[in-house]
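K.L.:
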Amino acid sequence: MKAPLDTGFIHDLSRLDVLRQKAASGEQSDDALRAAAEQFEALFTQMLFKSMRSANEAFESDLIDNRTSKFYEQMADEQLSSALSREGSLGLADLIIQQFKGLQSEPMDVGNNSASERIRLQPTMPPAPNMTEDEAADQVLSPLSDDTVIPSPHMLAQQNAAPKVESSKPFETPDEFVSRLTPYAKKAARALGTDPAILIAQAALETGWGKKVIANARGSSHNLFNIKADPRWEGNKVATQTLEFHDDIPVQEMASFRAYPSYEDSFADYVSFLNRNPRYTTALQQTAEPEQFIRGLHQAGYATDPQYADKVLSVFDRVKGMMAQ
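Given below as structure tokens:
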């Protein structure tokens, strides 16, 4: 396996020239393209951080507002922007790569045949038999019966289309949120031995009835339970700001969250996540009682909000009424 291309310091413009030379020579061209795209995304992310810092200057305290603190803040922002670009959090690098690869034409494979051999290999039409125009027309049209369906360009496009994936359109109402997720919630609830309404209630609280599902430039993460992407997670992930409570004090933090292809996968991973973590063992022993189950998850550290369990249970009663309709 090829060693990863060294992208160096994001402000070192000489490294960009090295990447350009490698791409032009064809040496590690794909790696060079990705490295350059990631550096561009890192610079763009740093500009976003700089704008946010500037907007926050009016609220800074004189005790920490000095050149030294700003210097280290800038270093931290540069490091964070570089790390986020490598994780593909914004998805800008992937879009750049797709754009450049889309402009590259695929070479036509003609093999080692000479020009005369390639001409001989071309399929030829059989010689036309001696027949009248009416006989020729009958021969062409005879295979087509009255029931024959001639595919239109639209039909051909549908047949050749990629497999349909789950729609990521936002949920318009709480009723739509409940109705669309009920089949997945029932399947997950059977695996856990609990009420599907408590799972939908938890997802509703985590995502604001589906209107605040974490997303990035590549689309929705489909993460209904806001499960974070720890080092054990090998799938896709999305980085975003999140509100955490430390000693009952809310604090904004940057964190990475898991991303799934569909909402069904989100429910399936939720079940797997709980079963794989020993700290939720007590909660899983109480799944028959939804209230005890959600309080057990809260006590085990599923969420830092001190009112988390009470909030889920308040939504639970509403969801049960909606599912009973």
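Anchor point for the sequence shown: position 223 equals 222 in numbering that gives the first Met the number 0, and the numbering is continuous, going up by one each time. C-beta atoms are modelled at their ideal positions from N, C-alpha and C, and glycine is treated no differently. It should be emphasised that the depicted structure is a prediction, and the values quoted were computed from it without experimental measurement.
#1: Leaving out five residues on either side along the sequence, give the residues of the same chain with a beta carbon under 8 Å from the beta carbon of residue 185.
#2: Give the straight-line distance between the Cα atoms of residue 255 and residue 288, rounded to the nearest whole angstrom.
#3: Could you round the C-beta distance between residue 213 and residue 250 to whole angstroms and report it? I think they count as a contact, below 8 Å.
#4: Taking C-alpha atoms, which residue in 318, 171 and 217 lies nearest to residue 97?
#5: Going by DSSP in three states, residue 221 sits in which element: helix, strand or coil?
#6: What did DSSP end up calling residue 236 once you bin it into helix, strand or coil?
#7: Just to confirm the assignment, what range does the beta strand (DSSP E) spanning residue 249 have?
#8: When you compare only the Cα positions, how much space is there between residue 41 and residue 77?
#9: Give a yes or no on whether the C-beta atoms belonging to residue 263 and residue 252 are separated by under 8 Å.
#10: Distance, Cα to Cα, residue 261 vs residue 183?
#11: Straight-line CA distance for residue 310 to residue 30?
#12: What is the residue span of the alpha helix (DSSP H) that residue 187 lies within?
#13: Shortest alpha-carbon distance to residue 342 belongs to which of 198, 300, 274 and 278?
#14: Taking 7 Å as the cut-off, is the beta-carbon of residue 305 closer than that to any non-hydrogen atom of the ligand PLP?
#15: Near residue 119, which residues of its chain fall below 6 Å by C-beta distance, leaving aside the five closest residues on each side in sequence?
#16: Distance check for residue 35 and residue 305, CA to CA, integer angstroms please.
#17: Buried or exposed: where does residue 259 fall if 16 or more other Cβ atoms within 10 Å of its Cβ makes it buried?
#18: Alpha carbon to alpha carbon, what distance is there between residue 201 and residue 317?
#19: Opposite residue 241 in the DSSP bridges: which residues?
#20: Residue 323: which of 70, 71, 178 and 51 sits nearest, CA to CA?
#21: Can you tell me where the alpha helix (DSSP H) holding residue 311 begins and where it ends?
#22: What's the gap between the Cα of residue 292 and the Cα of residue 49?
#23: Do you know how far the Cα of residue 269 is from the Cα of residue 192?
#24: Who are the near neighbours of residue 297 in its chain, counting only those whose CB is closer than 6 Å to its CB and skipping five residues on each side?
#25: Cα separation between residue 74 and residue 67?
#26: Given a threshold of 16 other Cβ atoms within 10 Å of its Cβ, counted over all protein chains shown, does residue 274 qualify as buried or as exposed?
#27: What number of angstroms, rounded off, separates the C-alpha of residue 53 from the C-alpha of residue 81?
#28: How would you write the range of the alpha helix (DSSP H) that residue 298 sits in, first residue to last?
#29: Alpha carbon to alpha carbon, what distance is there between residue 47 and residue 188?
#30: Which word fits residue 231, buried or exposed, when buried means at least 16 other C-beta atoms lie within 10 angstroms of its C-beta?
#31: Secondary structure at residue 69, three-state DSSP: helix, strand or coil?
#32: Quick one: Cα of residue 43 to Cα of residue 199, how far?
#33: With a threshold of 16 other CB atoms inside 10 Å of the CB of residue 71, please say whether the residue is buried or exposed.
#34: Who are residue 215's beta bridge partners in DSSP?
P.N.:
According to the structure shown:
#1: The sequence position of residue 185 within the sequence shown is 186, counting from 1. In the same chain as residue 185, and ignoring 5 residues on each side of it, the C-beta atoms closer than 8 Å to its own belong to 195, in chain order.
#2: Mapped onto the sequence shown, residue 255 falls at position 256. Mapped onto the sequence shown, residue 288 falls at position 289. Here the C-alpha atom of residue 255 lies approximately 31 Å from the C-alpha atom of residue 288.
#3: As a position in the sequence shown, residue 213 is number 214, starting the count at 1. As a position in the sequence shown, residue 250 is number 251, starting the count at 1. Not quite, the Cβ-Cβ distance comes to about 18 Å (not below 8 Å), so this is no contact.
#4: Counting from 1 along the sequence shown, the entry for residue 97 is found at position 98. Here the closest residue by C-alpha is 217.
#5: On the sequence shown, residue 221 is found 222 positions in, with the first residue counted as 1. In this structure, residue 221 counts as coil in the three-state DSSP scheme.
#6: Here residue 236 refers to the residue found at position 237 when the sequence shown is read from its first residue. Under the three-state reduction of DSSP, residue 236 is assigned to strand.
#7: Mapped onto the sequence shown, residue 249 falls at position 250. Element bounds for residue 249: 248 to 257.
#8: Sequence index remark: in the sequence shown, residue 41 carries index 42 (1-based). Sequence index remark: in the sequence shown, residue 77 carries index 78 (1-based). C-alpha separation (whole angstroms): 8 Å.
#9: If you number the sequence shown from 1, residue 263 lands on position 264. If you number the sequence shown from 1, residue 252 lands on position 253. No, they are not a contact pair.
#10: In the sequence shown, counting from the first residue as 1, residue 261 sits at position 262. In the sequence shown, counting from the first residue as 1, residue 183 sits at position 184. Straight-line Cα distance between these residues: approximately 10 Å.
#11: Looking up residue 310 in the sequence shown gives position 311. Looking up residue 30 in the sequence shown gives position 31. One Cα belongs to residue 310, the other to residue 30, and the distance between them is close to 48 Å.
#12: Within the sequence shown, numbered from 1, the residue matching residue 187 stands at position 188. Residue 187 -> alpha helix (DSSP H) spans 173 to 191.
#13: In the structure as shown, the chain starts at 0 and stops at 324, and residue 342 therefore has no counterpart that could be examined.
#14: The ligand PLP is not part of this structure, which contains no ligands at all.
#15: Counting from 1 along the sequence shown, the entry for residue 119 is found at position 120. Low per-residue confidence applies at residue 119: pLDDT is 46, beneath 50, and the placement is therefore not dependable, though the value from the model is reported in the following sentence. Hits under 6 Å: none found.
#16: Your numbering for residue 305 matches position 306 in the sequence shown. Your numbering for residue 35 matches position 36 in the sequence shown. For residue 305 and residue 35, the gap between their C-alpha atoms comes out near 44 Å.
#17: Residue mapping note: residue 259 aligns to position 260 of the sequence shown, counting from 1. The residue is buried, with at least 16 neighbouring Cβ atoms inside 10 Å.
#18: Here residue 317 refers to the residue found at position 318 of the sequence shown. Here residue 201 refers to the residue found at position 202 of the sequence shown. The alpha-carbon atoms of residue 317 and residue 201 are separated by roughly 12 Å.
#19: Translated into the one-based positions of the sequence shown, residue 241 becomes position 242. Looking at the DSSP assignment, residue 241 forms a beta bridge with 252.
#20: Looking up residue 323 in the sequence shown gives position 324. Looking at the Cα atoms, 178 is the closest of the given residues.
#21: By 1-based counting over the sequence shown, the position of residue 311 is 312. Run containing residue 311: 307 to 323, per the alpha helix (DSSP H) assignment.
#22: The residue labelled residue 292 in the question sits at position 293 within the sequence shown. The residue labelled residue 49 in the question sits at position 50 within the sequence shown. Computed Cα separation, rounded: 44 Å.
#23: Taking the first residue of the sequence shown as position 1, residue 192 is located at position 193. Taking the first residue of the sequence shown as position 1, residue 269 is located at position 270. Roughly 14 Å separates the two Cα atoms.
#24: Within the sequence shown, numbered from 1, the residue matching residue 297 stands at position 298. Closer than 6 Å at the Cβ level, and outside the excluded window around residue 297, lie 307 and 308.
#25: Here the question's residue 74 lines up with position 75 in the sequence shown. Here the question's residue 67 lines up with position 68 in the sequence shown. Cα to Cα, residue 74 sits roughly 11 Å from residue 67.
#26: One-based indexing of the sequence shown puts residue 274 at position 275. With fewer than 16 other CB atoms across the displayed protein chains lying within 10 angstroms of its CB, residue 274 is exposed.
#27: As a first step, residue 53 must be located in the sequence shown, where it is residue number 54. As a first step, residue 81 must be located in the sequence shown, where it is residue number 82. Taking the straight line from one Cα to the other gives about 20 Å.
#28: Here the question's residue 298 lines up with position 299 in the sequence shown. Segment 289 to 298, the alpha helix (DSSP H) holding residue 298.
#29: Taking the sequence shown and counting its residues from 1, one reaches residue 188 at position 189. Taking the sequence shown and counting its residues from 1, one reaches residue 47 at position 48. Cα to Cα, the separation comes out at about 42 Å.
#30: Here residue 231 corresponds to residue number 232 of the sequence shown, with the count starting at 1. Exposed.
#31: As a working mapping, residue 69 is identified with position 70 in the sequence shown. DSSP places residue 69 in helix when its eight states are reduced to three.
#32: Counting from one through the sequence shown, the residue named residue 43 turns up at place 44. Counting from one through the sequence shown, the residue named residue 199 turns up at place 200. Cα to Cα, the separation comes out at about 37 Å.
#33: As a first step, residue 71 must be located in the sequence shown, where it is residue number 72. Classification of residue 71: exposed, given that the 10 Å Cβ count is below 16.
#34: Within the sequence shown, the letter at position 216 stands for residue 215. Residue 215 is bridged by DSSP to 218.
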